[in-house]
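J.: Residue numbers 7 to 157, in the numbering used here, belong to the letters of the sequence shown in order.
C-beta: ideal position from N, C-alpha, C; glycine also.
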Amino acid sequence: MAAMTLEIPDHLFTAIDHVGMAVPDLDEAIAFYRDTFGMRLAHEETNHEQGVREAMMAVGDSGSHVQLLAPLSEESTIAKFIGRNGVGCQQVAYRVTDVEAVSAILRERGLRLLYDAPKRGTSDSRINFVHPKDAGGILVELVEPAAPTTY
7 MAAMTLEIPD HLFTAIDHVG MAVPDLDEAI AFYRDTFGMR LAHEETNHEQ GVREAMMAVG
67 DSGSHVQLLA PLSEESTIAK FIGRNGVGCQ QVAYRVTDVE AVSAILRERG LRLLYDAPKR
127 GTSDSRINFV HPKDAGGILV ELVEPAAPTT Y
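#1: Which two residues bound the contiguous alpha helix (DSSP H) that contains Gly94?
#2: Taking the straight line between their C-alpha atoms, what separation do you get for Ala8 and Val105?
#3: Would you check if there are 3 or more beta carbon pairs closer than 8 Å linking the segment 41–58 to the segment 91–100?
#4: Hey, how far is the Cα of Pro138 from the Cα of Leu119?
#5: Excluding five sequence neighbours on each side, which residues of the same chain lie with their C-beta closer than 7 Å to the C-beta of Ala28?
#6: Going by CA-CA distance only, name the one from Leu112, Ala48 and Val149 that's closest to Ala141.
#7: If contacts are defined as beta-carbon pairs under 8 Å, then Arg59 and Leu78 qualify, I think. What distance do you get, rounded to the angstrom?
#8: Out of curiosity, what's the CA-to-CA distance linking Val65 and Arg115?
#9: Rounded to whole angstroms, what's the CA-CA distance from Arg126 to Ala61? Just pull it up for me.
#10: As a quick exercise: from Glu50, Arg40, Val108 and Tyr39, pick the residue whose alpha carbon is nearest that of Ile14.
#11: With DSSP as the reference, label Met7 as helix, strand or coil.
#12: Do you know how far the Cα of Phe135 is from the Cα of Gly69?
Next comes the structure, spelled out in structure tokens:
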């Protein structure tokens, strides 16, 4: 449950939080995005529950990020994604004020979510995902940041 109840905007999402990119090697991907695109490494962590090493690369001062996701094992969801689709865009993540409330609204609108309750995401954010078959083939992540500035 959210720490405090916030008003949910009619448009549900407050910003594009990040675009998730599946990569085989996190260190190589960080170097590429830093040296080629001039992005700054804003945050890096290992998420054992999700089976990934991840890095948030800041897109200028926009508040948006490119999330680089590298598998911890061949059994991880990201490894399976790379095996099926190759390296590339794995998800689009939208920032929300209350992930549980937005999830409930989307369920009422006929969409399936991957989790019954939010899970821990990057920097202790709370997350859920809209099933790609219900979102035009795109994995849509809902992100409720733990704090206003989490990366």
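T.: Taking the coordinates as given:
#1: Within the sequence shown, the letter at position 88 stands for residue 94. Gly94 -> not in any alpha helix (DSSP H); beta strand (DSSP E) instead, spanning Gly94 to Arg101.
#2: Position 2 of the sequence shown, counted from the first residue, corresponds to residue 8. Position 99 of the sequence shown, counted from the first residue, corresponds to residue 105. Any reading at Ala8 must be qualified, since the residue scores a pLDDT of 43, below 50, and its modelled position is unreliable; no value is offered.
#3: With the cut-off at 8 Å, the segment 41–58 and the segment 91–100 do not touch.
#4: The sequence position of residue 138 within the sequence shown is 132, counting from 1. The sequence position of residue 119 within the sequence shown is 113, counting from 1. Each residue's alpha carbon lies about 9 Å from the other.
#5: Here the question's residue 28 lines up with position 22 in the sequence shown. Hits under 7 Å: Leu75, Ile84, Phe87, Ile88, Val93, Gly94 and Gln96.
#6: As a working mapping, residue 141 is identified with position 135 in the sequence shown. For the residues Leu112, Ala48 and Val149, the minimum Cα distance to Ala141 belongs to Leu112.
#7: In the sequence shown, counting from the first residue as 1, residue 59 sits at position 53. In the sequence shown, counting from the first residue as 1, residue 78 sits at position 72. Between Leu78 and Arg59 the Cβ distance is about 6 Å, and since that is below 8 Å, they are a contact.
#8: As a position in the sequence shown, residue 65 is number 59, starting the count at 1. As a position in the sequence shown, residue 115 is number 109, starting the count at 1. Whole-angstrom Cα-Cα distance: 32 Å.
#9: As a first step, residue 126 must be located in the sequence shown, where it is residue number 120. As a first step, residue 61 must be located in the sequence shown, where it is residue number 55. Their Cα atoms are separated by approximately 16 Å.
#10: Within the sequence shown, residue 14 is the residue found at index 8, counting from 1. The candidate whose alpha carbon is nearest that of Ile14 is Val108.
#11: On the sequence shown, residue 7 is found 1 positions in, with the first residue counted as 1. Residue placement at Met7 is flagged as unreliable, the pLDDT there being 43, under the threshold of 50; the coordinate-derived value follows with that caveat. In the three-state DSSP reduction, Met7 falls in the coil class, being neither helix nor strand.
#12: Your numbering for residue 69 matches position 63 in the sequence shown. Your numbering for residue 135 matches position 129 in the sequence shown. Roughly 21 Å between the two C-alpha positions.
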